[in-house]
Amino acid sequence: LSQLFRPLDLLGMVYRTIRQGVIDMGAMFDLIDTAPEVVDAPDAPALAVRDAHVRFEGVAFGYDAGMPILKGIDLDVPAGTTCAVVGPSGAGKSTLARLLYRFYDVDQGRITIDGQDIARVRQDTLRAAIGIVPQDTVLFNDTIGYNIAYGREGASEAEVAAAARGAAIAGFIERQPEGYRTRVGERGLKLSGGEKQRVAIARTLLKDPPLLILDEATSALDSRTEGEIMETLAAIERGRTTIVIAHRLSTIVHADQIVVLEAGRVVERGAHAELLARDGLYASMWARQAAESEEAEEAPVAVA
Ligand code: ATP
Numbered sequence: 010l011s012q013l014f015r016p017l018d019l020l021g022m023v024y025r026t027i028r029q030g031v032i033d034m035g036a037m038f039d040l041i042d043t044a045p046e047v048v049d050a051p052d053a054p055a056l057a058v059r060d061a062h063v064r065f066e067g068v069a070f071g072y073d074a075g076m077p078i079l080k081g082i083d084l085d086v087p088a089g090t091t092c093a094v095v096g097p098s099g100a101g102k103s104t105l106a107r108l109l110y111r112f113y114d115v116d117q118g119r120i121t122i123d124g125q126d127i128a129r130v131r132q133d134t135l136r137a138a139i140g141i142v143p144q145d146t147v148l149f150n151d152t153i154g155y156n157i158a159y160g161r162e163g164a165s166e167a168e169v170a171a172a173a174r175g176a177a178i179a180g181f182i183e184r185q186p187e188g189y190r191t192r193v194g195e196r197g198l199k200l201s202g203g204e205k206q207r208v209a210i211a212r213t214l215l216k217d218p219p220l221l222i223l224d225e226a227t228s229a230l231d232s233r234t235e236g237e238i239m240e241t242l243a244a245i246e247r248g249r250t251t252i253v254i255a256h257r258l259s260t261i262v263h264a265d266q267i268v269v270l271e272a273g274r275v276v277e278r279g280a281h282a283e284l285l286a287r288d289g290l291y292a293s294m295w296a297r298q299a300a301e302s303e304e305a306e307e308a309p310v311a312v313a
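Numbering (this note's numbering), first residue to last: 10 to 313.
Encoded structure:
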C-alpha cells in the first residue's frame with residue numbers, strides 16, 4: 010500500500026511547492042500568467058551561500074524580444090547591507106527582483122551571489138536562500154498557525170510562536186479565543202493589510218534566509234501601523250543582505266544605498282543625504298512625497 014501512496018505523496022509535494030510559489034509570490038510576480046521559463050543544467054551545482062554578497066553585472070533584460078526593460082544594470086550589495094530600489098512606476102524595480110529570484114534568465118550580463126552566477130546553480134537552492142515579503146500576502150483558508158508554519162515545513166508550535174513574536178503579531182493571535190488555531194480567510198478572521206504583512210514576516214523569520222527581498226506595499230497603511238511594520242522589518246533585515254523595492258521614500262532613509270531606476274537604467278545611486286544634495290530625480294521625488302504627506306495631514310478627516 011505504501012508503494013501506492015508514494016507517487017501521490019510526491020504529487021502532493023510538487024503541488025504544495027507550486028502553490029507556495031504562487032501564493033507567496035503571486036502579488037509581486039504575477040506568476041499565474043507567467044510560465045516558468047528557466048531550466049537548470051543537468052549537472053548544475055547547489056548555490057553555496059557564504060555571506061550573501063549580491064552583484065548585478067551589466068544586466069540587460071526584456072520580457073519580449075526587441076523590448077528591453079532593464080539596460081546595463083550594475084549593482085553591488087555587500088553582505089548584510091540594505092539596498093533600496095526606487096524610481097517611477099514602470100522603471101523596472103519589480104523586474105529586477107524577479108531576476109534575482111530567477112523567474113527569468115538575464116539576456117546579457119550576470120547576477121552573482123558570493124561569486125556564483127545564479128543562472129548556473131540549481132534554482133531550488135537559490136530560492137531556498139531568498140525570503141520574500143510581498144506587497145500583498147495571500148492567506149490560506151486555514152488556521153493562523155498553519156499560515157505562519159508555512160514558512161518552513163516541519164516547524165514546531167514553539168518555533169511558530171517565536172516567529173510570531175519576532176513579527177510582533179503574537180499578542181494579536183493570543184487575544185483570539187482559539188489562539189493559533191483561529192481560522193483565517195474567507196470564512197474566518199479577516200486580517201488587515203498590516204496583519205497580513207506580519208504573517209509574511211513571521212513566515213520569513215521561520216525560513217531564516219540569508220537574503221531578503223522586501224516589496225513595500227503600495228496601498229497605504231496608516232502611519233502608526235507603517236511605523237510598527239518598519240521597526241519589525243528593520244529587525245529582520247539585520248544581518249541579512251536585503252533588497253527593498255520602495256514606494257514611499259520615508260521608509261528607506263536609512264538604507265545603506267539607494268538606487269534610482271528610470272526607464273530601466275540606474276540614473277542615481279548613493280545614501281539618502283548624498284542623493285538629496287545632488288538635487289536630481291531622487292531629490293524631486295522626495296520633495297513631491299513630502300508635499301503630498303503634508304497635504305494628507307492637512308486634509309479634513311471624513312466622518313462616516
Ligand atoms: P511599479 O512601481 O509600478 O510597480 P516597476 O518599476 O516595478 O513599477 P516593473 O513591474 O518592473 O516596474 O515593470 C517594468 C516594465 O516591464 C513595465 O513597462 C511593464 O509593463 C513591463 N512588464 C512587467 N511585467 C511584464 C511581463 N510579465 N510581461 C511583459 N512586460 C512586463
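Each residue gets a CB set at the ideal place from its N, CA and C atoms; glycine is no exception.
For residue 70, the three-state secondary structure derived from DSSP is strand. Between residue 223 and residue 94, the CB-CB gap reaches or exceeds 8 Å.
Per DSSP, the unbroken beta strand (DSSP E) holding residue 83 starts and ends at 79-86.
Judged by DSSP secondary structure, residue 147 falls outside any beta strand (DSSP E); it is assigned neither H nor E. DSSP, reduced to helix, strand and coil, places residue 178 outside both helices and strands of the structure shown, so it counts as coil.
About 7 Å separates the beta carbons of residue 252 and residue 109, which is inside the 8 Å limit, making them a contact pair. Counting only the Cα atoms, residue 47 lies some 21 Å from residue 81. Excluding its 5 nearest sequence neighbours in each direction, residue 127 has C-beta neighbours in its own chain below 6 Å: 111, 120, 135, listed in chain order. In the three-state DSSP reduction, residue 61 falls in the coil class, being neither helix nor strand. The set of residues whose C-beta lies within less than 5 Å of a heavy atom of the ligand ATP reads, in chain order, 72, 78, 98, 99, 100, 101, 102, 103, 104.
Annotation: residue 149 to residue 190 spans about 13 Å, alpha carbon to alpha carbon. Under the DSSP assignment, residue 207 falls in the alpha helix (DSSP H) whose first and last residues are 202-216. In this structure, the CA atom of residue 268 is about 42 Å from the CA atom of residue 196.
Rounded to whole angstroms, the gap between the alpha carbons of residue 168 and residue 287 is 46 Å. If you draw a 10 Å sphere on the C-beta of residue 218, you find 16 or more other C-beta atoms in it, and that means buried.
At least 8 Å separates the beta-carbon of residue 220 from that of residue 174. If you draw a straight line from the Cα of residue 275 to the Cα of residue 183, it is about 46 Å long. Segment contact: the stretch 236-248 against the stretch 58-74, fewer than three CB-CB distances shorter than 8 Å; contact not assigned.
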